[in-house]
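Reviewing the structure listed below.
There are 4 protein chains.
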Amino acid sequence: MTLQTSETTNTLEDEGDAFRDECGVFGIYGRQDAAAVVTLGLHALQHRGQEAAGIVSYDGKQFFVERHIGLIGDTFTKQSVIDRLQGSRAIGHTRYSTTGGEGLRNVQPFFAEFAGGGFAVAHNGNITNAMTLQKQLQKRGAIFSSTSDTETILHLIAVSSGTQLVDKFIDAITQLEGAFSLVGLSEKKMIGARDPLGIRPLVLGDLDGAYILASETCALDIIGARFVRDIKPGEMVIVTDKGVESRFPFEKTKPRFCIFEYVYFARPDSIIEGRNVYEARKKIGTELAVESPVEADLVVPVPDSGVPAAIGFAQGSGIPFELGIIRNHYVGRTFIQPTAAIRHMGVKLKHNANKRMLEGKRVVLVDDSIVRGTTSQKIVQMVREAGAREVHMRIASPPTMSSCFYGVDTPEKAKLLASRMSIEEMADFIRVDSLAFLSIDGLYRAVNEPSRNNEQPQFCDACFTGDYPTQLTDHEGVDNVRTLSLLANNG
Amino acid sequence: MTLQTSETTNTLEDEGDAFRDECGVFGIYGRQDAAAVVTLGLHALQHRGQEAAGIVSYDGKQFFVERHIGLIGDTFTKQSVIDRLQGSRAIGHTRYSTTGGEGLRNVQPFFAEFAGGGFAVAHNGNITNAMTLQKQLQKRGAIFSSTSDTETILHLIAVSSGTQLVDKFIDAITQLEGAFSLVGLSEKKMIGARDPLGIRPLVLGDLDGAYILASETCALDIIGARFVRDIKPGEMVIVTDKGVESRFPFEKTKPRFCIFEYVYFARPDSIIEGRNVYEARKKIGTELAVESPVEADLVVPVPDSGVPAAIGFAQGSGIPFELGIIRNHYVGRTFIQPTAAIRHMGVKLKHNANKRMLEGKRVVLVDDSIVRGTTSQKIVQMVREAGAREVHMRIASPPTMSSCFYGVDTPEKAKLLASRMSIEEMADFIRVDSLAFLSIDGLYRAVNEPSRNNEQPQFCDACFTGDYPTQLTDHEGVDNVRTLSLLANNG
Amino acid sequence: MTLQTSETTNTLEDEGDAFRDECGVFGIYGRQDAAAVVTLGLHALQHRGQEAAGIVSYDGKQFFVERHIGLIGDTFTKQSVIDRLQGSRAIGHTRYSTTGGEGLRNVQPFFAEFAGGGFAVAHNGNITNAMTLQKQLQKRGAIFSSTSDTETILHLIAVSSGTQLVDKFIDAITQLEGAFSLVGLSEKKMIGARDPLGIRPLVLGDLDGAYILASETCALDIIGARFVRDIKPGEMVIVTDKGVESRFPFEKTKPRFCIFEYVYFARPDSIIEGRNVYEARKKIGTELAVESPVEADLVVPVPDSGVPAAIGFAQGSGIPFELGIIRNHYVGRTFIQPTAAIRHMGVKLKHNANKRMLEGKRVVLVDDSIVRGTTSQKIVQMVREAGAREVHMRIASPPTMSSCFYGVDTPEKAKLLASRMSIEEMADFIRVDSLAFLSIDGLYRAVNEPSRNNEQPQFCDACFTGDYPTQLTDHEGVDNVRTLSLLANNG
Amino acid sequence: MTLQTSETTNTLEDEGDAFRDECGVFGIYGRQDAAAVVTLGLHALQHRGQEAAGIVSYDGKQFFVERHIGLIGDTFTKQSVIDRLQGSRAIGHTRYSTTGGEGLRNVQPFFAEFAGGGFAVAHNGNITNAMTLQKQLQKRGAIFSSTSDTETILHLIAVSSGTQLVDKFIDAITQLEGAFSLVGLSEKKMIGARDPLGIRPLVLGDLDGAYILASETCALDIIGARFVRDIKPGEMVIVTDKGVESRFPFEKTKPRFCIFEYVYFARPDSIIEGRNVYEARKKIGTELAVESPVEADLVVPVPDSGVPAAIGFAQGSGIPFELGIIRNHYVGRTFIQPTAAIRHMGVKLKHNANKRMLEGKRVVLVDDSIVRGTTSQKIVQMVREAGAREVHMRIASPPTMSSCFYGVDTPEKAKLLASRMSIEEMADFIRVDSLAFLSIDGLYRAVNEPSRNNEQPQFCDACFTGDYPTQLTDHEGVDNVRTLSLLANNG
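Chains as they are written, first to last, in the numbering used here: chain E, 384 to 874; chain C, 384 to 874; chain R, 384 to 874; chain A, 384 to 874.
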């Protein structure tokens with residue numbers, strides 16, 4: 384039995400054909416107009432989720448909560464909204480989607496008033512034992528007001544036998560499995576925490592003495608804040624008026640950061656775990672040019688995500704980089720095809736081939752990944768219709784063969800093209816003259832590792848290898864579908 | 384420390400000068416398009432609260448929830464909204480205000496998924512030990528997602544040691560103090576319950592075999608349903624496919640229905656506890672004419688609430704009934720006076736004197752009650768400016784001297800005119816030639832009682848007498864302000 | 384060939400069963416915050432049209448225009464809207480409907496920039512040769528941007544050979560046939576004008592030295608302005624800094640004010656042509672009691688329009704006046720019945736019978752008029768189902784047998800019940816024990832005339848008699864349908 | 384004296400620092416669901432104006448009009464909107480801004496009902512004698528309902544002495560001065576016309592037999608239509624059921640297409656007058672590399688408009704092309720900085736420097752043009768703060784020294800940086816190590832001309848040279864300001 388809600392998703396035709404960015408978190412402690420600063424930080428993090436956002440602030444006496452569906456620039460820049468978010472401490476969250484949840488009820492940060500005071504939390508990641516914990520909590524009388532796994536964290540804090548908030552918080556997060564980069568706000572503290580594997584990013588910044596926690600460095604740049612350091616995997620930081628205190632409440636393990644952040648999720652100008660994302664992508668392109676060279680006239684990126692790898696491929700191969708496909712600028716916005724007749728026309732809503740560039744040419748198309756393959760099919764067809772003589776597809780990652788359970792919205796395994804076809808069959812399916820993916824070792828080399836350490840892999844690469852670094856407790860029982868839907872909801 | 388939220392109230396200048404209607408509840412079990420029927424029922428109950436509404440339906444597999452701020456006719460009549468509320472069982476709630484709560488989070492019905500299944504509840508009344516219970520629940524780890532006392536009921540059910548839902552429900556409601564008429568919906572049952580004193584109304588109806596629970600009979604009339612009977616004070620009814628089962632889980636006490644429902648809250652065409660509200664109001668007017676006669680030319684009601692009593696007064700006194708004050712029709716809708724200059728003009732937004740009727744006349748004004756007295760002042764001044772020679776005010780109830788803690792939004796005691804002035808002072812304050820209130824015994828006679836039984840009063844008349852029929856647990860401690868704000872929130 | 388537009392009407396089922404109020408106009412000259420005052424004046428005139436409104440103000444340098452669809456209290460009370468309407472002179476218009484026109488394009492006042500300066504005009508009434516004039520104007524190259532006859536007036540001014548605005552305005556209005564009460568605003572003047580027959584009302588008021596033009600006196604009362612006098616039929620007043628100048632540009636005729644304004648359109652507290660509307664309605668009821676007496680237990684008004692006549696009938700007959708039918712308060716707002724199943728339930732959205740009052744009683748129902756008869760049918764059925772022993776219908780006007788072409792939205796003649804049935808057939812159709820209409824002479828007596836002067840009728844009573852006081856130029860040709868639709872658009 | 388209106392513009396801080404795209408037009412004749420096809424065409428043309436759009440369709444009997452403010456994908460993809468636009472013929476318009484006009488009143492297409500039937504017109508360009516014509520028309524009695532010069536065209540048609548629509552249309556357009564690419568729709572015909580100089584583009588397409596007129600070929604591509612040919616400068620095409628008829632009503636002159644369309648306005652994938660826009664921009668970059676070489680480590684485009692020229696510069700110079708500046712993806716949408724404190728932080732809302740790429744490097748920045756210089760200042764500062772050792776700015780056009788009067792929104796001359804500073808002073812102002820603009824001959828070479836023919840220039844390059852190819856009638860008198868504001872309104 385499930386609860387159905389009043390909100391529906393705008394499913395763009397192509398939306399199922401990409402790994403969807405997860406969520407972004409941002410918090411600041413000790414800065415006048417804290418909420419306004421959070422607004423800017425979230426704005427810079429919208430590539431990680433742009434469909435809803437929330438901010439919780441605290442002014443020394445009261446917490447203030449705002450949650451809205453829509454782009455930050457549309458919802459949180461109204462004077463009246465910002466004016467209601469009083470105080471010099473605030474945390475915020477931006478998320479991909481409100482699918483499957485009762486609209487605003489699932490928008491973070493979540494807030495609860497405990498016996499000992501108020502607490503708000505925002506989460507990037509996904510808890511893989513959330514359903515199991517939720518059932519246990521329900522059995523002892525807990526009531527859930529959302530379908531988000533983040534609420535589970537609040538309940539674990541609420542029922543903890545610890546006496547201090549920090550103890551309760553540790554008690555709660557040490558029961559979690561999965562991926563989580565958390566930012567919390569209590570009456571006295573801002574808390575940041577990263578799961579022991581450090582699957583999702585979280586960084587510490589400083590703005591004229593005010594501490595900042597953010598998913599990526601680009602959110603520090605937008606406000607001119609200084610990058611202090613990455614929060615370490617398994618680390619918990621407690622920000623108070625006295626400064627930053629660091630703890631390591633988890634058993635020590637070898638970290639495994641999500642390598643797909645470098646391939647696609649993170650912003651190119653961010654620096655994560657010491658690596659610049661743009662450079663990593665360019666190196667991916669160069670590796671690809673080395674691993675799977677091809678004789679051609681042009682290197683053409685699939686906009687916009689394929690651009691850095693295409694530049695790298697062009698530099699590595701000596702083949703000129705050209706904008707052979709042009710984006711229809713405003714299409715990021717939903718565009719519903721109004722009539723059936725129109726839908727059957729097969730219109731080019733997202734991209735257009737730059738015919739003059741492609742006519743008679745041997746083209747290398749560079750894209751970040753292939754998910755279902757339907758988008759690739761359309762793009763290749765468009766490039767061929769524009770007159771390309773040969774089309775060679777080069778993919779800036781290994782084949783994606785498994786679902787992600789760590790805060791990324793992926794189709795189920797069976798819908799992943801690579802899980803049911805060989806590379807040759809895929810080349811046939813998307814109708815290219817040649818198709819090549821980057822090898823897993825090539826990907827590791829692009830992020831400056833000599834190769835994948837198969838004993839102790841340096842990254843989480845489960846979407847490519849099926850090698851999940853945590854238990855998937857919820858996933859092993861019968862609740863399969865619900866778990867998957869949870870994945871879509873959080874992050 | 385409290386949580387402040389994103390919604391603000393539209394406070395009309397005059398709004399503080401009335402006892403505000405509480406909430407209305409409606410449920411139906413066993414009728415196709417149940418939610419559409421609930422929509423109509425709530426529409427007929429909007430005099431009990433018109434600022435927000437919610438409906439939960441169940442289709443045998445899933446619960447569906449919709450909550451909206453605004454008039455039913457604006458929010459719940461959209462095809463898409465009704466289409467989402469599948470099923471042949473549904474309950475709904477309409478409420479006065481979203482003040483002080485986080486917007487939609489406080490709109491009922493509330494829904495929770497227990498270990499044993501889903502359950503929704505809608506509430507008219509107010510729990511006077513809700514804060515105390517909430518603190519106890521928080522201490523054992525409960526998280527509240529609203530500031531409504533209705534959520535407390537869900538938590539009590541959740542933590543009950545009972546094994547069946549009905550037992551848990553009984554366990555929960557027997558811990559409550561205060562006023563409550565509840566309608567609940569589980570996967571198998573619709574449940575109705577009234578507190579042992581039966582402070583708020585609740586009736587049972589029948590629509591071609593489908594059972595209905597509603598706050599007033601007027602909600603049965605709108606859909607052509609048959610009135611079966613009042614739910615009895617302290618009664619709990621369980622509606623299933625097999626019919627209606629009745630239980631009496633509370634210790635037996637003498638009922639004390641809210642007498643103010645007859646004075647003002649209920650709709651004139653409703654029949655409550657065997658009495659027609661319109662007839663009661665007319666008799667109030669007749670009693671008033673007998674108790675406080677006056678020589679005059681016209682009886683003029685303050686629209687619209689004073690009309691039935693004025694008809695009764697006119698019939699009792701032989702003085703002609705006339706519409707000496709005309710309502711500005713659309714003013715029920717918020718009208719904010721746009722500039723300071725205009726605000727100082729003292730414009731007549733709500734009413735206008737019908738000058739030709741009033742010029743040179745001795746006028747008896749009949750109104751239902753005096754709260755702060757500011758509205759009466761304005762009305763009297765308007766009638767005098769229209770040329771009335773004498774103005775005599777007759778009030779269709781005793782002086783309101785105490786706050787209500789049973790689901791009615793009243794100003795604090797100190798702001799009630801009658802709590803700080805004698806009748807003579809009040810007459811001076813509102814500048815009338817004479818002022819009279821109905822006596823408490825007169826009021827009891829109007830509802831067919833011989834007089835008030837001061838040992839065992841037949842009704843709750845605490846707003847007139849300060850004689851509260853239940854404990855006011857929350858109210859005795861330090862949390863005074865929060866309690867009062869709770870009152871505004873629930874209903 | 385016609386232009387279809389993007390707006391559609393919300394046609395309530397019952398809406399076709401009433402004569403629809405026309406428009407209201409209001410202007411003020413010489414008062415700070417003029418537009419805010421106009422907002423209040425229009426608010427008091429919304430019984431004449433409540434679906435859209437507009438205001439034009441002038442600050443000595445610029446004209447400012449705002450037009451909005453919706454209630455004044457929703458649209459024109461926003462600070463930002465009022466702030467944009469600078470200046471100490473402003474005129475406004477409130478209208479019934481935007482049917483058939485391109486939404487805001489048909490909302491008045493209309494504004495045009497002539498070679499000699501800007502001019503705005505607002506109109507209550509209907510021009511019966513507008514189509515003919517429009518075609519002539521189009522032939523010489525005029526372009527119309529609306530389907531409103533008011534724009535025709537602006538074009539006539541624009542092409543006038545007069546040299547001064549006042550001369551051009553006179554040139555324009557003397558070409559018009561039909562009903563018009565106009566308020567205009569130029570850079571130097573506010574102009575008011577009433578057609579030679581004075582079919583629609585227009586009054587002059589004074590607010591601390593600022594002159595006001597308004598459709599009814601109730602719009603003066605709301606702001607505490609002094610009623611100076613009615614603008615005379617055929618009079619044109621020119622308000623400037625020097626005061627009010629009066630002109631009579633039309634050939635003199637005997638006035639014929641719309642008698643239906645007394646029956647239904649005007650507000651009861653207004654005083655029109657020396658008569659108080661409420662008193663007129665009460666006298667209508669008294670006349671009716673004399674003309675068509677009946678033995679009965681109760682006089683029950685059909686809310687709200689039947690109330691004053693029912694009071695008169697009760698006073699005239701000695702039968703008690705009772706609220707036997709209760710209005711569903713919020714139903715003035717559109718309530719769309721959400722599903723077909725519900726629509727077939729025959730729900731009582733607008734009214735409910737007060738059963739206890741009606742059971743076993745002989746009831747006199749008093750209503751203002753019968754249009755199509757469908758509403759009367761429903762009301763009678765409801766009263767019978769409530770247990771009334773006899774139902775006698777008394778109508779506060781003669782049978783409405785002809786369409787209005789003077790600014791009132793009426794069904795075509797064939798749809799008027801009285802045009803195709805005898806009174807006996809009508810009584811059968813609505814299933815009453817007896818039915819009586821007021822006689823035409825009875826109606827004239829109620830407004831203090833000895834009787835109708837059939838040679839020179841004192842009023843326009845065309846809807847009862849078919850005796851139209853002006854030519855119906857557009858109506859005599861082939862453009863029948865378009866003319867009717869024009870009627871619906873203006874006012 | 385002017386009319387002020389209810390709409391205000393969202394002025395982004397930077398918006399004044401770009402030449403604003405003009406308008407886009409699109410029409411189709413003879414295709415089911417014509418309006419839906421127009422929606423797609425306009426979607427592809429939104430780089431020419433994205434703030435408002437309108438469509439007029441004709442179904443053989445009626446015209447249907449829809450105009451909305453907002454992105455096509457938000458406003459015109461609603462089923463209900465498209466359903467109202469019946470018929471197999473339709474024209475549409477998308478525009479930059481609604482500034483200075485009464486909101487929707489200025490949104491095109493404009494429609495008028497002439498004595499002979501209905502006619503709609505959409506316009507890209509600007510009429511430089513519109514004010515003069517408007518005054519002449521007002522003197523003979525014309526009333527204007529907008530502040531758009533497009534309405535002037537309709538009035539000229541309306542007052543023409545011609546007997547057939549085509550004659551009237553020719554009569555009208557031969558009185559116009561300035562730039563205009565028009566699409567018109569009558570009951571029998573779709574008409575396209577381009578001014579004698581062909582300043583703005585207009586192309587003819589074919590979709591399975593249905594004729595299309597569109598501003599650019601990219602609007603044909605999106606629906607898979609075939610490009611037939613450019614409409615010739617001074618050509619008028621009349622599309623009927625019999626096909627396309629071509630006329631040349633103007634005196635023959637040498638065409639002068641707007642060269643800035645190649646630099647910035649048109650979409651890179653469009654082919655205009657035989658030249659691919661992307662290729663032209665790349666050649667501009669190559670020419671720039673030849674004319675103004677510099678020793679450097681990276682070529683960095685200012686996103687997004689500088690990308691093709693930067694690719695060309697990189698290929699021409701051998702210096703690597705790198706994404707050294709990253710766009711904040713969603714910033715195309717308005718983002719208002721909520722508090723003063725935040726505004727003073729100097730946040731990087733639009734772009735962020737990719738620090739790792741820029742640190743210690745000698746950077747060539749490539750941008751399309753410099754308008755006020757404020758954006759360039761900010762970008763350079765950001766690049767320097769990121770650690771660039773040297774910053775060399777290369778501009779893909781000559782200095783813009785004069786305003787455009789042909790449908791482009793440009794600041795007044797005095798605000799153009801190049802009109803008041805030497806190149807050296809500009810370099811100082813934006814703080815670069817070197818600054819170079821493309822020469823005017825270099826620009827001509829990039830579009831495949833040997834050089835500018837100063838006797839008979841091949842293009843309109845007035846913004847660079849001040850050499851206006853038409854009279855500027857309105858601009859020579861006193862109405863300077865109004866004329867400029869007109870420019871902003873049309874397009």
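Glycine residues also receive a C-beta, built at the ideal position from the N, C-alpha and C atoms.
{"Check": "Three-pair Cβ contact test at 8 Å for the segment 400-417 of chain A versus the segment 427-438 of chain A", "Outcome": "yes"}
{"Check": "Presumed contact (8 Å Cβ cut-off) between Leu671/E and Ala692/E, rounded CB distance", "Outcome": "7 Å"}
{"Check": "Glu644/E burial status per 10 Å Cβ neighbour count (16 or more: buried)", "Outcome": "buried"}
{"Check": "Chain C contact for Ala498/E (CB, 7 Å cutoff)", "Outcome": "yes"}
{"Check": "Beta-carbon proximity list for Asn836/A, same chain, < 8 Å, skipping 5 on both sides", "Outcome": "none"}
{"Check": "DSSP-derived helix/strand/coil call for Arg828/R", "Outcome": "helix"}
{"Check": "Contact set between Cys601/R and chain C, taken where Cβ atoms lie within less than 9 Å", "Outcome": "Ile709, Asn711 and Asn735"}
{"Check": "DSSP bridge partner residues for Asp589/C (one or two, in chain order)", "Outcome": "Tyr594/C and Arg609/C"}
{"Check": "Neighbourhood of Glu735/A by C-beta, 6 Å cutoff - its chain only, sequence neighbours within 5 removed", "Outcome": "As written in the sequence, residue 735/A is Asn, which differs from the Glu given in the question. Around Asn735/A: Ile709."}
{"Check": "Any C-beta of chain E under 7 Å from that of Leu537/C", "Outcome": "yes"}
{"Check": "Proximity below 7 Å, CB of Val421/A to CB of Arg414/A", "Outcome": "no"}
{"Check": "Amino acids of chain E, ordered along the chain, whose beta-carbon sits closer than 8 Å to that of Leu559/C", "Outcome": "In chain order: nothing, as chain E lies at least about 17 Å away."}
{"Check": "Alpha carbon of Asn831/R to alpha carbon of Ser440/A, nearest angstrom", "Outcome": "56 Å"}
{"Check": "Unbroken beta strand (DSSP E) run spanning Thr477/E, endpoints", "Outcome": "Arg472 to Arg478"}
{"Check": "Three-state secondary structure assigned by DSSP to Glu705/A", "Outcome": "coil"}
{"Check": "Pairwise C-alpha distance: Asn659/R and Asn873/A", "Outcome": "Bear in mind that a pLDDT of 40 at Asn873/A, under 50, signals an unreliable position, so the number given afterwards is only what the model happens to contain. Cα-Cα distance, rounded: 54 Å."}
{"Check": "Arg583/C (DSSP reduced to helix, strand or coil)", "Outcome": "coil"}
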